[in-house]
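Trainee: The sequence shown begins at 2 in the numbering used here and counts up one residue at a time.
Note that the Cβ used here is the ideal one computed from N, Cα and C, for glycine as well.
On a predicted model such as this, the values are computed, not experimentally measured, just so you know.
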Amino acid sequence: MKKLEELRIENMRLRQELMILKRRMQGVNIFPTPMRRFNDAEIAKEVICEFFGINIDTKTRRRDYVRARYMYFYWVRTNTHMSLAEIGKSLSLMQDHSTIVNAINKHDDDYETDKVYREQYNKLINLIEDHIIEQQRQHGAAPDTSVELKQELAV
2 MKKLEELRIE NMRLRQELMI LKRRMQGVNI FPTPMRRFND AEIAKEVICE
52 FFGINIDTKT RRRDYVRARY MYFYWVRTNT HMSLAEIGKS LSLMQDHSTI
102 VNAINKHDDD YETDKVYREQ YNKLINLIED HIIEQQRQHG AAPDTSVELK
152 QELAV
């Protein structure tokens with residue numbers, strides 16, 4: 002179990018490095034830290050809703066809605082500076098922090114055991130990252146030449 006967690010952390014680190022390199026090659030402003038801005042949670046929400054063809058703000062316990070929310074909560078928690086309470090309030094369902102913790106744990110279980118769920122989540126990660134890059138490009142973001150970026154790319 003511990004080995005799986007170490008592999009997951011390494012996978013996330015490599016994904017972040019790939020994202021930085023991808024943005025750098027496309028001439029897009031790269032954040033000096035690996036964490037993203039709050040508005041990226043909105044982008045993630047839109048991409049997930051579009052991908053599944055549902056509105057994750059809908060109050061229902063249907064499995065497809067619940068699993069889409071799991072993916073949203075996990076992505077936002079691991080890729081933004083938002084607290085658990087802020088994540089819960091980011092949807093109109095106004096869920097509290099304990100619900101978010103439970104959803105993240107359920108995501109981990111489903112990701113480990115369900116191949117279809119894992120494939121869907123991996124596709125979503127790429128879609129979300131592509132949408133974030135595209136939005137930055139549309140806003141005319143210039144390449145970042147900060148010292149922190151150069152250190153990150155040198156690693």
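Within 10 angstroms of the Cβ of Met95, are there 16 or more other Cβ atoms? Answer buried if so, exposed if not.
Mentor: Per the 10 Å Cβ criterion, exposed.
Trainee: Given that a residue counts as buried once 16 or more other Cβ atoms are within 10 Å of its Cβ, and exposed if not, what is Leu125?
Mentor: Classification for Leu125: buried.
Trainee: Going by alpha carbons, who is nearest to Ile105 out of Arg68, Leu22 and Glu51?
Mentor: The residue with the shortest Cα to Cα distance from Ile105 is Arg68.
Trainee: Return the chain-ordered list of same chain residues with a C-beta closer than 7 Å to the C-beta of Lys60, the five sequence neighbours on each side being excluded.
Mentor: Cβ within range, chain order: Leu94.
Trainee: Report back the beta-carbon spacing between Leu157 and Ile57 to the nearest angstrom; my notes put them in contact at under 8 Å.
Mentor: Only positions 2 to 156 of the chain appear in the structure, and residue 157 is not among them; the question remains open.
Trainee: Going by DSSP in three states, Thr59 sits in which element: helix, strand or coil?
Mentor: Here Thr59 sits in coil by DSSP.
Trainee: Cα-Cα, which of Asn103, Asn123 and Val102 is closest to Tyr112?
Mentor: Here the closest residue by C-alpha is Asn123.
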